[in-house]
Amino acid sequence: MDQENRIVVQPMLQCIAWPEADWTGISDQKKRRKLQNRLNQRARRLRELQGKNDRTALVPQNSHIHAIQGSTSLAYPTSEESNDLRAIENVHILQADSEIAQATMRHLEMLARNFYRLGSPRTDLLIHLIQFNFTKALIENTKIFGLTSNDMDDDALSPFNTQGPRKHDFQAFLPDSLRPTSIQFSVPHHPWLDLLPSAQMRDNLISAGESYDETRLCLDMKGCGRIRSERSGIIIWREPWDPSGWEITEAFAREWGWVIWNCHDLFRSTNHWRQQRSERPLFRVS
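Residue numbers for the sequence shown follow the numbering used here, so the first one is 23 and each next one is one higher.
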């Protein structure tokens, strides 16, 4: 995932660090205006950090979204745009190269860039941006492996479990975090598990076989399953193959503790990103 794509989500996720963004239980109009002014100022600073050139390139000229040029007012998605954002829930990693999936991702990226530029702190927007970023990360990792929809069908086997010639020698270009473990070579499994940049997480899931609900896990990783909230799923901050950019949310850790058992790389990265928001560590790391 290149810098241009990651900029879509990262600044928006910084809104999570804004304690003032939580207006729950605040009915006093003066306090609400004060909080809104703070959010406006922070949103403006985030936009200014990107520079004038970045700001003018964020929204395509033909975008149907009405941009408020030069405004620092908070922007809120219309009901139509909110429905558009929900489309990320229908993008399936097993069919990531389909024409519909690619068109959906392009449209969602345009929406995300627009709302980032306008500084919208909407909780529902943050939820969908987290979902977008996780989906985008796995799609980018499929490209590293050279996997197509045909390689990712329901009955597909990992390329580490198949014999015969391959389309290209992808192993020569794998980042260290995606290099296969002995379990990946010895235990047949679906290739989607190879996309996860934590070797221990891959081993935990492969070793579990069919003892868990894979669909439910995928939805919870994405942040659109049973544990849906503004802080659920897995948040991606850096390149998708870099485990130091993967943050495990507390909701996911509670629900899927065995999946992240012994994943010290993810423990460290999670604590790091939480520290950036002045939050307590989620894991004890020796």
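We put the CB at the ideal spot given by N, CA and C, even for glycine.
The model shown is predicted, which means the values in this text are computed figures rather than measured ones.
Asked, Found
"Name the two residues that bound the continuous beta strand (DSSP E) containing I205.", "Note, I205: premise wrong, no beta strand (DSSP E); alpha helix (DSSP H) at 204-208."
"Where DSSP assigns a beta bridge to W268, which residues make up the other side?", "I258"
"Could you check what DSSP says for E342 in three-state terms: helix, strand or coil?", "The requested residue 342 does not occur in the structure, where the chain is confined to residues 23 to 308."
"For Q297, which of N284, E269, T157 has the nearest alpha-carbon?", "E269"
"Identify which residue in A178, G255, S291, D198 has its Cα closest to the Cα of I152.", "G255"
"At what residues does the alpha helix (DSSP H) containing I228 begin and finish?", "221-229"
"Closer than 6 Å by C-beta to I257: which residues in its own chain qualify, once you throw out the five before and the five after it? Chain order, please.", "I152, E269"
"Near Q222, what residues of its chain come up, given a Cβ to Cβ distance below 6 Å and the 5 sequence neighbours on each side ignored?", "N284, C285"
"Roughly how many angstroms separate the alpha carbons of E131 and E301, rounded to a whole number?", "29 Å"
"How should V281 be labelled, buried or exposed, when 16 other C-beta atoms within 10 angstroms of its C-beta is the threshold for buried?", "buried"
"Count the C-beta pairs between the region 156-170 and the region 204-212 that are closer than 8 Å, then say yes if the count reaches three, no if not.", "no"
"What is the DSSP secondary structure of P197, counted as helix, strand or coil?", "coil"
"For the alpha helix (DSSP H) containing S292, name the first residue and the last one.", "Reading off the sequence shown, one finds Thr at residue 292, where the question assumed Ser. Counting along the chain, the alpha helix (DSSP H) containing T292 begins and ends at 286-298."
"When DSSP labels each residue in this structure, what does H150 get in the three-state scheme?", "helix"
"CB-CB under 8 Å to T203, same chain, minus the five flanking residues each way: which ones, in chain order?", "A221, R224, D225"
"Given a threshold of 16 other Cβ atoms within 10 Å of its Cβ, counted over all protein chains shown, does A273 qualify as buried or as exposed?", "buried"
"Just to confirm, are W278 and D242 a CB contact at a threshold of 8 Å?", "yes"
"Looking at I228 and Q206, is the spacing between their C-beta atoms short of 8 Å?", "yes"
"Quick check: what's the CA-CA separation for L288 versus L200?", "14 Å"
"Using DSSP with H/G/I as helix, E/B as strand and the rest coil, what is L304?", "coil"
"How big is the Cα-Cα spacing for F182 and T237?", "22 Å"
"Compare the C-alpha of N155 against each of S308, R128, D175, G168 and name the closest.", "R128"
"Ignore the nearest five residues each way along the sequence and tell me which others in G267's own chain have a CB closer than 7 Å to its CB.", "I258, W259, R260, E261, S291"
"What is the rounded straight-line gap between the Cα of D191 and the Cα of D264?", "21 Å"
"Do the CB positions of D216 and S180 come within less than 8 Å of each other?", "yes"
"Could you pull out every residue in the same chain whose Cβ sits closer than 6 Å to the Cβ of G245, ignoring the five residues on either side in sequence?", "I152, Q153, S254, G255"
"Express the C-alpha separation of I166 and R276 in angstroms, rounding to a whole number.", "31 Å"
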